[in-house]
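Note sheet for the following structure.
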Amino acid sequence: MSKILIVEDEAKIARFVTLELEHEGYEVRAAGDGRTALQECESWQPDLMILDLMLPQLSGIEVCRRIRQSSDLPIIMLTAKDDVSDKVMGLDMGADDYMTKPFAIEELLARIRVNLRKHRVDRAQHSGARSAGQLHIDPASYSAGYGDAPITLTKKEFDLLNYLWQHEGTAVTRDELLNHVWGYEFTGDTNIVDVYIRYLRQKIDDKFGIKTIHTIRAVGYMFRYE
Ligand code: CA
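Using our numbering, read the sequence shown as starting at 18 and increasing by one per residue.
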């Protein structure tokens, strides 16, 4: 039975979602603010978190950022209908998915199933450390390094590098990267891939004077260690 933490300060919504999820057989806890949410993550170790971005004290964005420093817990964020910047920021901070309020409970249940399944698949695919030259990554612990120097990557950066590396020597299209790394259609805007490739190059290629991520004109990107 999967454990789900709902973080929402509006008691009515929290109670409604809790009842629905319990009805589906999930084990559920609710947290009414960001600090409690972080404590629950630490002590209760949920399998998935539903995170409202509008919270008292610690914002949902900040909660997300802190959790991502040490965990790949699936996070579905709840955002206000028109708040595009919140949505983008939340995804940048490593949220896996989002729902806009008000939402249909059936849709939330479907998203929960999708994200729990994706997480299990990711875990399985990610097992197995890799190295090339002095560069090494370990998906089990989401750690990367060059020789003895650690490389600090966000979850998305790590997933992107890992995916490219899994397809070493093969050109991967931006759409494929969006699909596999971001997990769902990102409504056609593939710029985000280029942005994250730039981050990776700064942290790896530029920093250590190596070449790992190659641009394949009119196609996408390819991992090859040089
Ligand atoms: Ca709220």
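Backbone N, C-alpha and C fix where the C-beta goes; we use that ideal spot for every residue, glycine too.
Item                                                                                                : Value
Within the stretch 139 to 215, ranges of the alpha helix (DSSP H) (whole runs, at least 4 residues) : 172 to 183, 191 to 194
Distance, Val80 Cα to Ser88 Cα                                                                      : 12 Å
Closest Cα partner of Tyr163 within the set Ile221, Trp61, Pro73                                    : Ile221
Proximity of Thr171 and Arg85 at Cβ, strictly below 8 Å                                             : yes
Distance cut 6 Å, beta-carbon to ligand 1 heavy atom: residue list by chain order                   : Glu25, Asp26, Glu27, Asp69, Met71, Leu72
Distance between beta carbons of Tyr216 and Leu152, contact taken as under 8 Å                      : That pair is no contact at about 16 Å.
Glu39 versus Arg134, Val198, Leu126, residue with shortest Cα-Cα distance                           : Leu126
Status (buried if at least 16 other CB within 10 Å, exposed otherwise) for Val45                    : buried
Burial state of Trp61, where buried means 16 or more other Cβ atoms lie within 10 Å                 : exposed
Three or more C-beta pairs below 8 Å linking the stretch 169 to 186 and the stretch 62 to 72        : no
Close Cβ partners of Met106 (< 8 Å) along its chain, the five nearest in sequence each way excluded : Ile78
Contact the stretch 21 to 40 vs the stretch 100 to 115: 3+ CB pairs below 8 Å                       : no
Distance between Ala112 and Met94 (C-alpha atoms, nearest Å)                                        : 7 Å
Pick from Asn179, Phe225, Thr207, Pro156 that is closest to Leu195, judged by C-alpha positions     : Thr207
DSSP bridge partner residues for Arg46 (one or two, in chain order)                                 : Leu22
Element boundaries [beta strand (DSSP E), containing Phe240]                                        : 237 to 240
Closest residue to Ile30 among Lys118, Asp192, Met18 (Cα-Cα distance)                               : Lys118
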